[in-house]
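What follows is a single structure, written as C-alpha cells, with notes after it.
In UniProt numbering, the protein residues as written are 1 to 253.
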C-alpha cells in the first residue's frame, strides 16, 4: 500500500494522529526513513490498537518512545541501521520476528535515500526463510515447555486455585510456541495463536482451549494430553546440553 492510499483508508482520528506524529519526530532526530505499521495500518484495529512506527536515523543509538497523538497511542522505535539489522536477524533466528514483521507489513512514510525501502525488502526476505532454530535450540524450547507443564500438573490438590490456572496458561503458551517452531513456522501474534492452530489442527487446539477454560481436573487432563501430543512427554525428560566452551558475558558495573 502506498502512503497516499493509506491516508484514504484510515479513520480521521488515526490520520490526524499520523500527521501530528510525523511533525513531532524531528524534535527527537531528523529521520532518514519512517515506516508506519500495526493493526491500524493493516485495517483490522481493535479498541486499544496503537500505531507502530519505526524510525531510521543516522546516529548510533536506539530509543523507544510510547506517546499519544490526537489521543491515539503510538509506539515509536528509533533505530540506527545497525540496530535494525540486528533486530531483524536476531529476532527471526529466535522465531519471534517482531521488527521484521513491522517493517515488511508497514507502509513507507519517509525515505530520504532509499535505505528504509532496502530494509523493508531485507525484512520480507528474512520472513520468507522462516525461523533459524537448530536442533539444540529446539530442544531447549521443548525442555522449557515441559518444565512449565510439569509445574502446572503439580496442582493436584487444588487444580482450580488461581495459581494453578495461571500455571496452565503459561504452559499452554509454551506448548503453542514450541509447536510453531517445531513446524518451522514463526510464532504468530499472541492474539491469534490458538485461532490459527484451530485451522491447522482442530483437535489439538480444542485440547489446549480446554486446558485454559475447563474445570481443574478436566483442564489438567487436557494439558497432559496436549503436552504428550506436542512434546512427547508431560514433564521431565532426560537431556544433556553438551559442553558450552564460550565464556560468560562480562558483567556490567
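Note that beta-carbon positions come from the ideal geometry of N, C-alpha and C, so glycine has one too.
- Looking from the CA of residue 57, the closest CA among 79, 109, 217 and 48 belongs to 79.
- Of 201, 6 and 67, the smallest CA-CA separation from residue 107 is found for 6.
- With respect to the C-alpha of residue 12, the residue from 32, 64, 70 and 23 having the closest C-alpha is 70.
- Fewer than three beta-carbon pairs drawn from the stretch 145-154 and the stretch 119-137 are found closer than 8 angstroms, and the two stretches are therefore not classed as touching.
- Residues of the same chain with a CB within less than 6 angstroms of the CB of residue 160, apart from the 5 flanking positions on each side, are 216 in chain order.
- Assignment of alpha helix (DSSP H) within the stretch 97-185, counting only whole runs of 4 or more residues, yields 98-105, 115-129, 135-153 and 162-182 in chain order.
- In this structure the stretch 157-172 does not touch the stretch 77-93; the number of beta carbon pairs closer than 8 angstroms is below three.
- For residue 76, there is no enclosing alpha helix (DSSP H); the enclosing beta strand (DSSP E) has its first and last residue at 72-79.
- Residues of the same chain with a CB within less than 6 angstroms of the CB of residue 200, apart from the 5 flanking positions on each side, do not exist.
- Under the Cβ criterion (8 angstroms, minimum of three pairs), the stretch 131-140 does not count as touching the stretch 115-122.
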